[in-house]
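K.L.:
Residue numbers (numbering that gives the first Met the number 0), protein chains in the order written: chain B, 0 to 241; chain S, 0 to 241.
There are 2 protein chains.
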Amino acid sequence: MKKAALNPHLSVDCVIFGYNDHSLSVLLVDREMPPAEKANSTYKDLKLPGGLIYNDELLIDAAARILEELTTLQGVKLNQFGVLDSLDRLSNEADRKWLEQTTGLTIDRVVSIAYYGIVSMKDLPESIPSAHWVDINNLDKLPFDHEKIICEALNVLRQHFKKEGLIFDILPEKFTIHQLQSTLAVFYGEKADSRNFRKKIKKMDFIVPLEEKQQNVAHKPAQLYRYDKRRFRQFSNNRINF
Amino acid sequence: MKKAALNPHLSVDCVIFGYNDHSLSVLLVDREMPPAEKANSTYKDLKLPGGLIYNDELLIDAAARILEELTTLQGVKLNQFGVLDSLDRLSNEADRKWLEQTTGLTIDRVVSIAYYGIVSMKDLPESIPSAHWVDINNLDKLPFDHEKIICEALNVLRQHFKKEGLIFDILPEKFTIHQLQSTLAVFYGEKADSRNFRKKIKKMDFIVPLEEKQQNVAHKPAQLYRYDKRRFRQFSNNRINF
DNA sequence: CCAAAAGTGTTCGTTCTACACCCATGT
DNA sequence: ACATGGGTGTAGAACGAACACTTTTGG
């Protein structure tokens, strides 16, 4: 029930990372094209979820809305990380026609603002209609500059883990050091020495031990910790040492 | 001689830092307003140089063009660092009218992409018509969110010094360690121990000693160095230790 | 001979790295 | 009893911080 019009010059694109215990994927959506065009395209018909914004809409709200429309995902925390303004983004005639057909507008120039988000694939239904998880290491050719965007998103995301404590957004409220370490490992693709890792963590006073341990696990139950955002903001002079 | 139209939805803003041996300033331009409005405004009539882009223009080209139009500065290397999309950017009626009058367009929503640049004030004419250098520590109230933008620009700039070797863009091709250190000091507002600084620098093999020394200086002539971009890209695993 | 910046080493504390074994629990 | 992850300590290397004096040049 939007009153404002679509803005034919501004779009958003979303890079949604999905992780589980072992792998990291990106969410891509199907692009429907007229069959004639389909034959011509050198690309797979997968793209990042994205689209035009409304004139009375914040970019981040547009990103959330479009993500929901295309993938049904809700409540994903989105972070802006880039701007795409090259003049040849629509140089593929099929791409432009597709946009004009799906929006009903005349499109000449679209600048796109890029967002990324992270979700746990385990918390989601097995499959999402008209969307697909693609492993970060198996990306095929994608339309536009979408590969570059994804790569850039991953870099920014890793920085945000360090600078903004973003990792704690995707951990449960109570977590073990092991969980923290192996979640990080998924995003960095490597696992460091766990003794040294523990030493580091214990020095970070924004990671607070609870008076509580794991229960019902088939091994020595682990100490649980929580993340104290306030202490992080105050104390840390920026940049965690992960 | 542009054929394309102004894009009423997209603008750029430029934060141009000017430095000399001792201080760091930002370039602001006068904003002409009808006298009636002028009386109402709580702001000084200074703003960041910025304006709408043309539809066939890259954002960075627009930024360079607008910077030149408003300040006559040419050839400043510009770096994108932010996006401004809040809905109340034009909630000050005077601001919106000013935009509509100067562009001749109906303006409802403008998203702005922010760029920063750095120039040596010594290399420029004493005064620039209708523009002013304002010391970074003496910023008065500015329209919109321009104060926040400037602050953000400075943070990003400091990061780019470390991550992208940006500092070497503003040093002469042949420079001394002292020059490097005191230039950094202007942007960080502090100067560290020079013995330790030298030790650090000597370990960076992308800072290469030349077979050449200063001449005609009233003190022991200093070793000159150059910056080797290729070695920096290859070797440095990102982030100089300044 | 003075002013001005160049250049140089050592010590001490901190942090980083590499590395191997026993512990508590559920099945 | 075994499988699973939880949890611990130490030694050596690398790094960062603090610190003061001599050198070379031009004026």
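Just so you know, even glycine gets a beta-carbon here, dropped at the ideal spot from N, CA and C.
With three or more beta-carbon pairs closer than 8 Å as the criterion, would you say the segment 138-156 of chain B touches the segment 211-227 of chain B?
P.N.:
No, the segment 138-156 of chain B does not touch the segment 211-227 of chain B.
K.L.:
Contact defined as beta carbons within less than 8 Å: I believe K222 (chain B) pairs with F196 (chain B). What is the distance between those atoms, to the nearest angstrom?
P.N.:
Locating residue 222 (chain B) in the first sequence gives position 223, where the first residue counts as 1. Locating residue 196 (chain B) in the first sequence gives position 197, where the first residue counts as 1. Here residue 222 (chain B) turns out to be Gln, not Lys, going by the sequence shown. That belief does not hold up - the Cβ atoms of Q222 (chain B) and F196 (chain B) are roughly 14 Å apart, past 8 Å.
K.L.:
Using a Cβ cut-off of 9 Å (strictly closer), state whether R95 (chain B) contacts chain S.
P.N.:
Stepping through the first sequence from its first residue, residue 95 (chain B) is reached at position 96. No, its Cβ sits nowhere closer than 9 Å to a Cβ of chain S.
K.L.:
Assuming the contact rule is C-beta atoms closer than 8 Å, T105 (chain S) and L51 (chain S) should be a hit. Round their C-beta distance to whole Å, please.
P.N.:
Translated into the one-based positions of the second sequence, residue 105 (chain S) becomes position 106. Translated into the one-based positions of the second sequence, residue 51 (chain S) becomes position 52. Actually they are not in contact, since the Cβ atoms of T105 (chain S) and L51 (chain S) sit about 12 Å apart, beyond 8 Å.
K.L.:
Got a sec: which bits of the segment 81-114 of chain B sit with their beta carbon under 9 Å from any beta carbon on chain S, in order along the chain?
P.N.:
Listed in sequence order: G81, V82, D84, S85, L86, D107, R108, V110 and I112.
K.L.:
Alpha carbons only, please: which of B:D84, B:N54 and B:L66 is nearest the one belonging to L58 (chain S)?
P.N.:
For the purposes of this step, residue 58 (chain S) is identified with residue 59 of the second sequence, where counting begins at 1. Among B:D84, B:N54 and B:L66, the Cα nearest to that of L58 (chain S) is on B:D84.
K.L.:
In whole angstroms, what separates the C-alpha of Y18 (chain S) from that of M120 (chain S)?
P.N.:
Here residue 18 (chain S) refers to the residue found at position 19 when the second sequence is read from its first residue. Here residue 120 (chain S) refers to the residue found at position 121 when the second sequence is read from its first residue. Cα to Cα, Y18 (chain S) sits roughly 6 Å from M120 (chain S).
K.L.:
For the 8 Å Cβ check, are there 3 or more pairs between the segment 65-73 of chain S and the segment 114-130 of chain S?
P.N.:
Touching, yes.
K.L.:
Between which residues of its own chain and V207 (chain S) is the CB-CB distance below 7 Å, once the five residues before and five after are set aside?
P.N.:
Along the second sequence, read from residue 1 onward, the residue named residue 207 (chain S) stands at position 208. Once the five neighbours on either side are set aside, the close Cβ partners of V207 (chain S) are Y224, R225 and D227.
K.L.:
Go through the segment 88-131 of chain B residue by residue and report every complete run of the beta strand (DSSP E) that reaches 3 residues or more, in order.
P.N.:
Runs of the beta strand (DSSP E) inside the segment 88-131 of chain B: 110-119.
K.L.:
Residues in its own chain within less than 8 Å of R238 (chain S) by CB, not counting five upstream and five downstream?
P.N.:
Residue numbering aside, residue 238 (chain S) sits at position 239 when the second sequence is read from its first letter. Cβ within range, chain order: K161 and K162.
K.L.:
With hydrogens ignored, establish whether the beta-carbon of L66 (chain B) is closer than 8 Å to any heavy atom of the ligand MN.
P.N.:
Among the components of this structure there are no ligands whatsoever, and the ligand MN is therefore not found.
K.L.:
At 4 residues or longer, and completely inside the segment 177-201 of chain B: list those alpha helix (DSSP H) runs for me, N to C.
P.N.:
Those alpha helix (DSSP H) runs which fall completely within the segment 177-201 of chain B and span 4+ residues do not exist here.
K.L.:
To the nearest angstrom, report how far apart F231 (chain B) and A3 (chain S) are at their CA atoms.
P.N.:
Position 232 of the first sequence, counted from the start, is the residue given in the question as residue 231 (chain B). Position 4 of the second sequence, counted from the start, is the residue given in the question as residue 3 (chain S). Cα to Cα, F231 (chain B) sits roughly 49 Å from A3 (chain S).
K.L.:
By Cβ distance below 6 Å, which residues in the same chain neighbour I176 (chain B) in space, the five residues on each side in sequence not counted?
P.N.:
Counting from 1 along the first sequence, the entry for residue 176 (chain B) is found at position 177. Counting only Cβ-Cβ distances below 6 Å, and skipping sequence neighbours, we find R197 and I200.
K.L.:
Based on the DSSP output, what are the partners of P208 (chain B) in its beta bridges?
P.N.:
Residue 208 (chain B) sits at position 209 when you count from the first residue of the first sequence. Bridge partners of P208 (chain B): B:Y224.
K.L.:
Using a Cβ-Cβ cutoff of 7 Å, what residues of the segment 204-225 of chain B are near chain S? List them in chain order.
P.N.:
Within the segment 204-225 of chain B, no residue qualifies.
K.L.:
Flag N6 (chain S) as yes if its beta-carbon sits less than 9 Å from any beta-carbon of chain B, otherwise no.
P.N.:
To locate residue 6 (chain S), count along the second sequence from 1; it is residue 7. Yes - at least one Cβ of chain B is within 9 Å of the one on N6 (chain S).
K.L.:
Determine, using beta carbons only, whether V109 (chain B) and I15 (chain B) come nearer to each other than 9 Å.
P.N.:
On the first sequence, residue 109 (chain B) is found 110 positions in, with the first residue counted as 1. On the first sequence, residue 15 (chain B) is found 16 positions in, with the first residue counted as 1. Result no, Cβ atoms of V109 (chain B) and I15 (chain B) do not sit closer than 9 Å.
K.L.:
Counting only C-beta atoms, is L153 (chain S) closer than 9 Å to chain B at any point?
P.N.:
On the second sequence, position 154 is the one that residue 153 (chain S) refers to. By this cut-off, L153 (chain S) is not an interface position.
K.L.:
Does chain S have any CB closer than 9 Å to the CB of L183 (chain B)?
P.N.:
As a first step, residue 183 (chain B) is located in the first sequence; it is residue number 184 there, counting from the start. So no, L183 (chain B) is outside the interface.
K.L.:
Do you know offhand how far V249 (chain B)'s Cα is from N78 (chain B)'s?
P.N.:
In the structure as shown, chain B begins at 0 and stops at 241. Residue 249 (chain B) is therefore absent and cannot be evaluated.
K.L.:
If F205 (chain S) sits next to F234 (chain S), beta carbons under 8 Å apart, how far is it from one beta carbon to the other, in whole angstroms?
P.N.:
What you label residue 205 (chain S) is simply residue 206 of the second sequence in a count that begins at 1. What you label residue 234 (chain S) is simply residue 235 of the second sequence in a count that begins at 1. Indeed, because the Cβ distance is near 6 Å, the residues count as touching under 8 Å.
K.L.:
Flag N78 (chain B) as yes if its beta-carbon sits less than 9 Å from any beta-carbon of chain S, otherwise no.
P.N.:
Your numbering for residue 78 (chain B) matches position 79 in the first sequence. Judged by the 9 Å Cβ criterion, N78 (chain B) is not in contact with chain S.
K.L.:
Please name the residue or residues paired with K46 (chain B) in a DSSP beta bridge.
P.N.:
The count along the first sequence starts at 1 and reaches residue 46 (chain B) at position 47. Answer by DSSP bridge pairing, in chain order: B:V28.
K.L.:
To the nearest angstrom, how far is the alpha carbon of K1 (chain S) from that of D87 (chain B)?
P.N.:
On the second sequence, residue 1 (chain S) is found 2 positions in, with the first residue counted as 1. On the first sequence, residue 87 (chain B) is found 88 positions in, with the first residue counted as 1. Residue placement at K1 (chain S) is poorly supported in this model, since its pLDDT is 49, which falls under 50; the coordinates are not used for a value here.
K.L.:
Pull out every residue of the segment 42-55 of chain B whose Cβ sits closer than 8 Å to any Cβ of chain S, in chain order.
P.N.:
Result list: N54 and D55.
K.L.:
Establish whether the CB of S24 (chain B) and some CB of chain S are separated by less than 9 Å.
P.N.:
One-based indexing of the first sequence puts residue 24 (chain B) at position 25. For S24 (chain B), the answer is no, since every Cβ of chain S falls outside 9 Å of its Cβ.
K.L.:
For K1 (chain S), would you say it is in contact with chain B, using Cβ-to-Cβ distances shorter than 9 Å as the test?
P.N.:
Translated into positions along the second sequence, residue 1 (chain S) becomes position 2. With a pLDDT of 49 at K1 (chain S), under the threshold of 50, the predicted position of this residue should be treated as unreliable, and no value is reported.
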